[in-house]
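Here the protein sequences come in this chain order: A and B.
Numbering follows my numbering, in which position 68 of the first sequence is assigned residue number 221; successive positions increment by one, without gaps.
Numbering follows my numbering, in which position 195 of the second sequence is assigned residue number 208; successive positions increment by one, without gaps.
Beta carbons: idealized from backbone N, C-alpha and C, even for Gly.
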Amino acid sequence: MTVGVLALQGAFQAHIDKLNELGAEAVEVKRPEHLEGVDALVMPGGESTTMSMLLESSELFDPIAERIDDGMAVFGTCAGLILLATDIEDGRPDQRSFGRLDIAVQRNGYGRQVESFETDIATTVTDESVHAVFIRAPKIVRLGSDVEVLAEARGDAVLVRSGNALGAGFHPELSKSTAIHRLFLDSVYN
Amino acid sequence: MNEQSTSTGTPLVKRGLAEMLKGGVIMDVVNPEQAKIAEDAGAVAVMALERVPADIRVDGGVARMSDPEMIEGIQEICTIPVMAKARIGHFVEAQILESLGVDYVDESEVLTPADETHHIDKWAFKVPFVCGATNLGEALRRISEGACMIRSKGEAGTGDVVQAVRHLRTITGDIKKLTQADAPELFEWAKQLQAPLPLVQEIAQTGQLPVPLFCAGGLATPADAALAMQLGADAVFVGSGIFKSADPAPRARAIVEATTNYNDPAILAKVSRGLGAPMTGIGMDELGDLKFEDRGW
């Protein structure tokens with residue numbers, strides 16, 4: 154079982170380290186051929202506008218969309234959550250997303266970097282408290298009816314799931330908690 | 014759901030943004046039009062300043078923090094992070110930049126230093142700081158003062174990558190040596206580097222800086238960016254190299270592509286084609302006495 158981590162830009166190495174820590178094999182995905190042999194895909198934090206552009210120029214966008222259609226499990230954090238959302242508020246007109254989570258996200262919805270924060274959150278999937286780091290994080294401002302909310306912070310949904318897509322507005326790869334990555338890996342193994 | 018208190022401005026939150034910028038290009042811009050071009054080209058952040066280093070070099074005089082009005086003009090048009098520079102030791106310029114809500118402050122040797130002995134106490138701020146370094150000791154002193162990102166100084170405004178390469182190699186080379194040193198040697202290293210022993214010991218264990226290491230100073234081409242990445246940089250700053258070139262937009266885009274695909278010569282060849290003239294630049298050997306890299310202590 155191999156988990157691909159989209160490695161066009163952003164905090165992909167932190168995800169690879171976290172997946173390795175949990176015993177999963179993780180590989181960088183930069184070009185379409187890297188998708189072969191990958192059973193699941195993580196989309197990391199970074200700048201969503203940059204990643205959107207590089208998804209086009211690397212010719213990765215369509216192959217990834219096809220794999221998600223075929224049922225590949227996908228997990229997006231922060232910018233990765235934006236890439237999975239159906240609606241992006243304050244996005245760029247040419248910004249593309251995979252639209253697999255029926256949500257609207259507001260980019261930098263909690264403000265600029267000086268407003269970035271960390272906090273402990275409770276989730277519906279584990280008894281342990283999860284330490285969550287929000288960096289210029291997107292805010293989920295609309296939830297579709299088939300979207301399951303797994304955690305909230307400050308009254309907003311911050312961890313959501315729909316079908317084979319899991320999305321977090323925060324960065325589980327930056328804290329010591331492993332619960333969210335274990336949740337994703339469980340969905341891949343089963 | 015049971016919820017605990019939230020914290021802002023913590024080391025994890027401040028270093029977190031540097032993590033998000035990895036693998037990206039941060040571009041110097043002097044007005045909203047350039048900021049738009051940079052964002053369109055895929056920059057992960059922009060550095061808002063009144064003059065790019067090449068012009069500061071030509072104009073001479075005292076270089077200071079940019080006008081807040083100019084910084085706000087760029088913040089309004091950009092959806093990506095906006096950075097700005099404060100003079101070395103000028104903590105009031107940094108306070109002003111923090112109050113403007115800039116996303117990163119660069120305590121920069123490109124501006125004229127305000128203090129010949131002290132750098133800013135960066136722990137006192139919620140906004141994260143990046144600082145330049147020419148060697149590992151300088152990097153560790155800046156980290157001990159609270160910097161959340163280190164960049165090579167290079168020699169800004171020259172278009173000559175040689176100093177950036179020298180600084181990167183010096184920093185990564187000394188890190189490699191630390192990992193081979195035994196305990197008594199680490200005491201000696203801390204003395205030689207003029208750096209705190211606990212940081213030296215930590216790096217000997219981990220084999221890397223505790224904050225991301227970016228490359229800056231003299232990068233002008235896609236190949237320069239890829240060189241920095243192959244030498245171990247986590248991301249690159251391109252200052253004068255973009256908007257002092259003949260055709261900035263395609264060059265900016267090509268440098269973004271090169272930074273992602275730094276290990277793929279075929280892609281590097283493809284994106285390097287037909288970009289027009291790079292900035293003319295000044296070779297290090299024709300530079301004279303004004304070396305920005307000598308600023309900082």
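- The three-state reading of DSSP puts TYR117(B) in strand, counting E and B together.
- Listed in chain order, the non-local C-beta contacts of ALA238(A) below 6 Å within the same chain comprise SER250, LEU254, ILE256 and VAL258, local neighbours out to five positions each way being set aside.
- Exclusion of the five residues before and after LEU244(B) leaves LEU181 as the residues of its chain whose Cβ lies within less than 6 Å of its Cβ.
- Selection HIS131(B), ARG154(B), ASP68(B) and VAL42(B) evaluated against PRO94(B) yields VAL42(B) as nearest (Cα-Cα).
- Residue contact check for VAL302(A) against chain B: no CB pair falls below 7 Å.
- For TYR117(B), the neighbours in chain A by C-beta distance under 9 Å run, in chain order, GLN266.
- Straight-line measurement puts the Cα of ILE101(B) at about 6 Å from the Cα of ASP128(B).
- Using a Cβ-Cβ cut-off of 9 Å, ARG245(A) is close to GLU52, ASP53 and THR92 of chain B, given in chain order.
- With fewer than 16 other beta carbons inside 10 angstroms of its own, PRO278(B) counts as exposed.
- Taking 7 Å as the cut-off, the beta carbon of THR183(B) is found closer than this to the beta carbon of ASN148(B).
- In this structure, the straight-line span from the alpha carbon of ALA217(B) to that of GLU299(B) is close to 38 Å.
- In the structure shown, SER201(A) adopts helical secondary structure according to DSSP, grouped into three states.
- Excluding sequence positions up to five before and after GLU151(B), its CB lies within less than 7 Å of the CB of GLY309, all in the same chain and listed in chain order.
- Contact between the stretch 220-230 of chain B and the stretch 163-170 of chain B is present: three or more C-beta pairs spanning the two stretches fall below 8 Å.
- In terms of Cα proximity to ASP273(A), the closest of SER282(A), GLN266(A) and ASN317(A) is SER282(A).
- Judged by beta-carbon spacing, ARG295(A) lies beyond the 7 Å limit of ASN261(A), meaning their Cβ atoms are not closer than that value.
- If you compare the alpha carbons of SER315(A), LEU194(A), ASP222(A) and LEU207(A) with that of GLU178(A), the shortest gap goes to LEU194(A).
- In the three-state reduction of the DSSP assignment, PHE104(B) falls in the helix class, which pools H, G and I.
- Looking at TYR342(A), SER328(A) and PHE323(A), the one whose alpha-carbon comes closest to that of ALA232(A) is PHE323(A).
- Shown here, SER20(B) sits in a strand according to DSSP, grouped into three states.
- Not one beta carbon of chain A lies nearer than 7 Å to the beta carbon of GLY159(B).
- ARG260(A) reaches chain B at THR92, counting residues in chain order whose Cβ is nearer than 7 Å.
- At a cut-off of 7 Å, the C-beta of LYS139(B) has a neighbouring C-beta in chain A.
- LEU254(A) is bridged by DSSP to ALA238(A).
- If you compare the alpha carbons of PHE138(B), ASP134(B) and CYS144(B) with that of LYS98(B), the shortest gap goes to CYS144(B).
- Closest option to ILE90(B), judged by alpha-carbon separation, among HIS131(B), ASP195(B) and GLN47(B): GLN47(B).
- Here ALA265(B) carries a helix assignment [DSSP, helix/strand/coil].
- For the stretch 309-341 of chain A, the residues whose beta carbon sits under 8 Å from a beta carbon of chain B are, in order, HIS324, LEU327 and SER328.
- In the structure shown, SER165(B) adopts extended strand secondary structure according to DSSP, grouped into three states.
- For LEU207(A), the C-beta contacts it makes with chain B under 7 Å involve GLY55 and THR273, in order along the chain.
- Between GLY163(A) and GLY190(A), the gap from beta carbon to beta carbon reaches 7 Å or more.
- Annotation: Cβ neighbours of GLY198(A) in chain B (cutoff 9 Å, chain order): GLY29, GLU32 and MET33.
- Rounded to whole angstroms, ALA267(B) and LEU208(A) show a C-alpha spacing of 15 Å.
- Neighbourhood of LEU25(B) in chain A, by CB distance below 8 Å: GLU271, VAL286, LEU327 and SER328, in chain order.
- Contact check for ALA160(B) against GLY230(B) fails: the beta carbons are separated by 7 Å or more.
- Residues of the same chain with a CB within less than 8 Å of the CB of GLU326(A), apart from the 5 flanking positions on each side, are ALA164, ALA167, HIS168, ASP170, LYS171, PRO197, GLY198, THR230 and HIS334 in chain order.
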